[in-house]
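Heads up: the structure comes next, in structure tokens.
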Amino acid sequence: MTKRKPLIAGNWKMHKTGPEAVETARKLAGLTADVDRVDVMIAPPFTALAQVAEVLRGTRIMLCAQNMHWEPRGAFTGEISAEMLLAAGCTHVILGHSERRQFFGETDQTVNLKLRAALAAGLKPVVCIGESESERDEGKTFSVLDKQVQNGLKGLLSDDLKGLTLAYEPVWAIGTGKTASSQQAQEVHAYLRDQLAKAYGRSVAEAVRILYGGSVKPANIAELMAMEDVDGALVGGASLEAETFNQLVHYQN
Ligand code: PGA
């Protein structure tokens with residue numbers, strides 16, 4: 025069995041000022057100091073990244089940004105480059121989150137530009153994909169995911185996939201309290217891995233971590249993580265309190 029090391033990642037979205045993020049990160053670092061079988065990552069807002077990076081120094085918790093621009097610099101008011109994120113202490117960046125697609129005009133094409141720029145800069149991308157409720161109801165889940173993967177990952181070489189994490193986040197499950205069942209998640213994750221295997225080869229596909237996201241909480245994480253192709257979780261609401269997030273990180277206990 026080629027099980028990948030689990031990754032539990034917290035997406036703090038537009039929550040927490042710098043000092044609030046520092047406080048939560050400090051608590052989390054203390055609570056998770058014993059953890060080595062699971063990778064842990066947090067994605068605070070941009071304004072908290074540098075301060076949180078200081079807190080995480082010497083801990084095992086990795087620092088992730090929630091978005092970036094694809095250009096390295098220039099007249100792009102309000103945007104942040106990969107280089108800036110690296111300098112702030114990030115190793116990872118979330119790309120194509122459904123909230124960015126829904127509210128900020130993110131498309132598979134912009135995800136692709138950002139993905140290539142992140143990889144070129146040495147920042148590890150966490151690419152989010154997922155179908156809406158109506159797409160699932162209409163039986164379009166797999167075709168929607170195919171399009172997101174094919175267009176989002178366009179031009180990537182097998183080697184590029186080494187740094188890539190995929191996050192399957194059904195839009196209907198995000199922040200709604202409705203989680204995909206572990207069987208629904210496994211079905212999609214196995215499908216995604218098969219598609220990656222067809223495009224890049226089985227051994228490359230076996231190494232890619234595929235996270236599940238959408239209303240993950242202490243009550244459902246163990247069941248999701250027991251699935252063969254679920255390699256971790258991208259957690260919004262339940263990652264905001266250090267104690268709750270720590271329970272997710274300790275899902276094996
Ligand atoms: P949620 O968010 O855990 O609050 O559903 C998940 C996400 O958006 O990554």
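Under the working numbering, residue 277 is the last one in the sequence shown; the count climbs by one each step, no gaps.
Just so it is clear, CB atoms sit at the ideal spot from N, CA and C, and this is done for glycine as well.
State the start and end residues of the unbroken beta strand (DSSP E) segment that holds residue i.
i: Leu87; result: Met86 to Ala89
i: Thr203; result: Here Thr203 belongs to no beta strand (DSSP E), and DSSP marks it neither H nor E.
i: Ser63; result: Ser is not the amino acid found at residue 63; the sequence shown has Asp there. Its beta strand (DSSP E) spans residues Asp63 to Ala67.
i: Lys138; result: Lys138 -> not in any beta strand (DSSP E); alpha helix (DSSP H) instead, spanning Asp132 to Ala145.
i: Leu259; result: What sits at residue 259 in the sequence shown is Val, not Leu. Its beta strand (DSSP E) spans residues Gly256 to Val259.
i: Thr165; result: Taken as a continuous stretch (DSSP letters only), Thr165 belongs to no beta strand (DSSP E), being part of the alpha helix (DSSP H) at Thr165 to Gly176.
i: Ala191; result: Thr189 to Tyr192
Out of the options, point me to the one whose CA is closest to residue i's CA.
i: Pro242; options: Gly201, Val228 and Ala221; result: Gly201
i: Asp60; options: Ala262, Phe269, Ala144 and Arg84; result: Arg84
i: Gly113; options: Arg140, Val150, Pro149 and Gln75; result: Gln75
i: Ala221; options: Leu87, Gly82, Trp94 and Leu181; result: Leu181
i: Asp183; options: Gly261, Ala229 and Asn91; result: Ala229
i: Phe72; options: Thr101, Phe166 and Gly42; result: The amino acid occupying residue 72 in the given sequence is Ala; Phe does not appear at that position. The shortest C-alpha separation from Ala72 is found at Gly42.
i: Leu185; options: Gly120, Val259 and Leu143; result: Leu143
i: Ala111; options: Ser167, Leu87, Ala209 and Val195; result: Leu87
i: Ser263; options: Val254, His274 and Asp253; result: His274
CB residue i to CB residue j, shorter than 8 Å?
i: Leu55; j: Ile66; result: no
i: Leu31; j: Thr189; result: yes
i: Leu157; j: Lys164; result: The displayed chain sequence assigns Glu, not Leu, to residue 157. No.
i: Ile104; j: Asn35; result: no
i: Met251; j: His213; result: yes
i: Pro68; j: Met38; result: no
i: Val151; j: Thr203; result: no
i: Gln172; j: Ile153; result: yes
i: Glu193; j: Gly261; result: no
i: Leu139; j: Pro149; result: yes
i: Leu235; j: Asp218; result: no
i: Lys40; j: Asp63; result: no
Taking 7 Å as the cut-off, is the C-beta of residue i nearer than that to any heavy atom in the ligand PGA?
i: Gly238; result: yes
i: Val151; result: no
i: His93; result: no
i: Val259; result: yes
Quick check on the DSSP output: the alpha helix (DSSP H) that includes residue i runs from which residue to which?
i: Thr268; result: Ala266 to Val273
i: Asn244; result: No alpha helix (DSSP H) contains Asn244, which DSSP labels as neither H nor E.
i: Gly54; result: Gly42 to Leu55
i: Ala229; result: Arg226 to Ala231
i: Leu73; result: Leu73 to Leu80
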